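A.B. asks: This is the structure I want to talk about, given as structure tokens.
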Amino acid sequence: HMCKQLQQAGHEVVVFDNLSRGHADAVSGLELFVGDLKNIDDIRQCLSQHDFDAVMHFAALAYVGESVTAAREYYNNNVAGSANLLQAMSEFGINKIVFSSTCATYGEPMETPITEGHRQLPVNPYGRTKMVVEGMLSDFAIADGLQSIALRYFNAAGCDPSGQLGERHFPETHLIPLVLIEALRIQQGGDPADTQLKVFGGDFSTPDGTCIRDYVHVNDLCQAHLLALERLILNKVSGAEAYNLGNGTGFSVLDVINTCRTVTGLPITYQIIERRPGDPGALVGSAALARSVLGWQPKHPDLNTIVATAWDWFTHSYRKN
Ligand code: UDP
Numbered sequence: 059h060m061c062k063q064l065q066q067a068g069h070e071v072v073v074f075d076n077l078s079r080g081h082a083d084a085v086s087g088l089e090l091f092v093g094d095l096k097n098i099d100d101i102r103q104c105l106s107q108h109d110f111d112a113v114m115h116f117a118a119l120a121y122v123g124e125s126v127t128a129a130r131e132y133y134n135n136n137v138a139g140s141a142n143l144l145q146a147m148s149e150f151g152i153n154k155i156v157f158s159s160t161c162a163t164y165g166e167p168m169e170t171p172i173t174e175g176h177r178q179l180p181v182n183p184y185g186r187t188k189m190v191v192e193g194m195l196s197d198f199a200i201a202d203g204l205q206s207i208a209l210r211y212f213n214a215a216g217c218d219p220s221g222q223l224g225e226r227h228f229p230e231t232h233l234i235p236l237v238l239i240e241a242l243r244i245q246q247g248g249d250p251a252d253t254q255l256k257v258f259g260g261d262f263s264t265p266d267g268t269c270i271r272d273y274v275h276v277n278d279l280c281q282a283h284l285l286a287l288e289r290l291i292l293n294k295v296s297g298a299e300a301y302n303l304g305n306g307t308g309f310s311v312l313d314v315i316n317t318c319r320t321v322t323g324l325p326i327t328y329q330i331i332e333r334r335p336g337d338p339g340a341l342v343g344s345a346a347l348a349r350s351v352l353g354w355q356p357k358h359p360d361l362n363t364i365v366a367t368a369w370d371w372f373t374h375s376y377r378k379n
């Protein structure tokens with residue numbers, strides 16, 4: 059999604075990916091360097107091939123639940139991999155980076171909506187790995203003059219309205235794709251009573267007892283990255299900046315399922331099971347700073363639209379992949 063927007067904005071893009079979770083065909087037509095951030099020589103080789111202005115760093119393991127059981131892998135990939143990237147960037151004189159951070163760095167919120175000044179006390183290894191990298195960005199700003207923008211995403215969701223790009227995770231763990239995969243099962247004649255859909259916890263202190271999240275459309279996230287990149291290139295960033303990217307509205311798991319029922323017209327059912335380790339009850343963000351400083355204006359803030367774009371992908375393209 060980001061590469062598409064970068065190209066539309068006239069940028070030249072090189073993709074670096076180990077393809078452990080990504081798909082080469084999603085960036086067909088672009089230069090793809092298959093390498094691993096855990097191997098610094100891969101990064102050096104890639105950076106030596108062009109004169110880069112900036113780096114956008116998305117490459118992370120990003121499943122809260124998995125991070126609890128595979129913590130070592132998360133620290134290796136997310137922390138050691140980022141340290142390698144920053145080391146190689148400095149060797150090649152590249153000092154601008156946009157970093158994918160997360161609302162998971164905040165942990166259990168003390169007040170909502172969460173602003174950037176909220177204390178960061180992550181409650182799972184995923185959030186901790188991202189917070190360590192944010193710390194590196196701040197420290198390297200002082201030590202080496204690194205210029206960075208960390209974007210703290212709330213829940214990335216939706217798909218490109220073209221229907222050509224979408225979420226393709228194997229195994230899938232995210233809520234909206236899983237609800238829509240259940241909808242596909244019913245659409246194909248599956249019995250709604252045999253639901254595969256699990257709701258993790260019905261005993262949170264939220265109005266309906268299920269977790270509340272702030273869903274933000276992937277293309278809106280990309281728009282913020284473009285604005286962040288422009289800000290860096292115009293030398294408006296002197297150190298490490300961080301911005302929340304959310305819509306400021308919370309939806310419970312049951313709200314999401316209801317929206318998916320409306321969008322798909324299918325009788326999706328679910329089963330409530332125990333909580334997933336590492337899940338805070340409610341995460342809703344204020345993106346006032348991103349709006350005022352970056353000029354960010356989300357185009358798809360409405361949950362119905364976010365789900366509709368995802369459903370379009372799932373009905374048209376997902377099954378072919
Ligand atoms: N969730 C759920 N069932 C699922 C997957 C997710 O109830 O099969 C819940 C999860 O506990 C969280 C919310 O849906 O409260 C969003 O989870 P997701 O994994 O999509 O994103 P996260 O909040 O972990 O970044």
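Here the numbering used here is used: the first residue of the sequence shown is 59, the next is one more, and so on.
Yeah, the Cβ is synthetic: ideal placement off N, Cα and C, and Gly gets one too.
Model, not experiment: these values are computed from the prediction.
1) Does any residue of chain C have a CB that is nearer than 8 Å to the CB of Leu324?
2) So what does Asp75 bridge to, in DSSP terms?
3) Pull the bridge partners of Lys154 from the DSSP assignment, please.
4) I want to check one thing, is the minimum distance from the CB of Arg334 to the heavy atoms of the ligand UDP below 7 Å?
5) Does the Cβ of Phe116 lie closer than 7 Å to at least one heavy atom of the ligand UDP?
6) Nearest CA to the CA of Ala340: which residue from Lys357, Pro171 and His81?
7) Please list the terminal residues of the continuous alpha helix (DSSP H) segment that includes Ala366.
8) Can you tell me which of Ala201, Glu124 and Leu119 puts its alpha carbon nearest to the alpha carbon of Val137?
9) May I ask whether a heavy atom of the ligand UDP can be found less than 7 Å away from the beta carbon of Leu236?
10) Just to check, is the beta-carbon of Val181 closer than 7 Å to a non-hydrogen atom of the ligand UDP?
11) Would the beta-carbon of Asn293 be found less than 7 Å away from any heavy atom of the ligand UDP?
12) Measuring CA to CA, which of Tyr273, Gly304 and Ser125 is closest to Asp313?
13) Any heavy atom of the ligand UDP closer than 7 Å to the CB of Thr322?
C.D. replies: Per the coordinate set shown:
1) In the structure shown, chain C does not exist; there is a single protein chain.
2) Stepping through the sequence shown from its first residue, residue 75 is reached at position 17. Residue pairing from DSSP places Asp75 in a beta bridge opposite Val92.
3) Here residue 154 refers to the residue found at position 96 when the sequence shown is read from its first residue. Partner(s): Gln205.
4) Numbered from 1 along the sequence shown, position 276 holds the residue referred to as residue 334. Indeed, a heavy atom of the ligand UDP lies less than 7 Å from the Cβ.
5) Along the sequence shown, one-based indexing puts residue 116 at 58. Every heavy atom of the ligand UDP is 7 Å or more from the Cβ of Phe116, so no.
6) In the sequence shown, residue 340 corresponds to position 282, counting from 1. Of the candidates Lys357, Pro171 and His81, the residue whose Cα lies closest to the Cα of Ala340 is Pro171.
7) Along the sequence shown, one-based indexing puts residue 366 at 308. Segment Leu361 to His374, the alpha helix (DSSP H) holding Ala366.
8) As a first step, residue 137 is located in the sequence shown; it is residue number 79 there, counting from the start. Ranked by Cα distance from Val137, the options Ala201, Glu124 and Leu119 are led by Leu119.
9) Taking the sequence shown and counting its residues from 1, the one referred to as residue 236 is at position 178. In this structure, Leu236 has its CB closer than 7 Å to one or more heavy atoms of the ligand UDP.
10) Position 123 of the sequence shown, counting from 1, holds the residue named residue 181. For the ligand UDP, no non-hydrogen atom lies closer than 7 Å to the CB of Val181.
11) The residue you call residue 293 lines up with position 235 of the sequence shown. Look at Asn293: its beta carbon is at least 7 Å from all of the heavy atoms in the ligand UDP.
12) What you label residue 313 is simply residue 255 of the sequence shown in a count that begins at 1. Nearest of Tyr273, Gly304 and Ser125 to Asp313, Cα basis: Tyr273.
13) Reading the sequence shown from its first residue, position 264 is the one you call residue 322. No; taking the cut-off as 7 Å, the Cβ of Thr322 has no heavy atom of the ligand UDP nearer than that.
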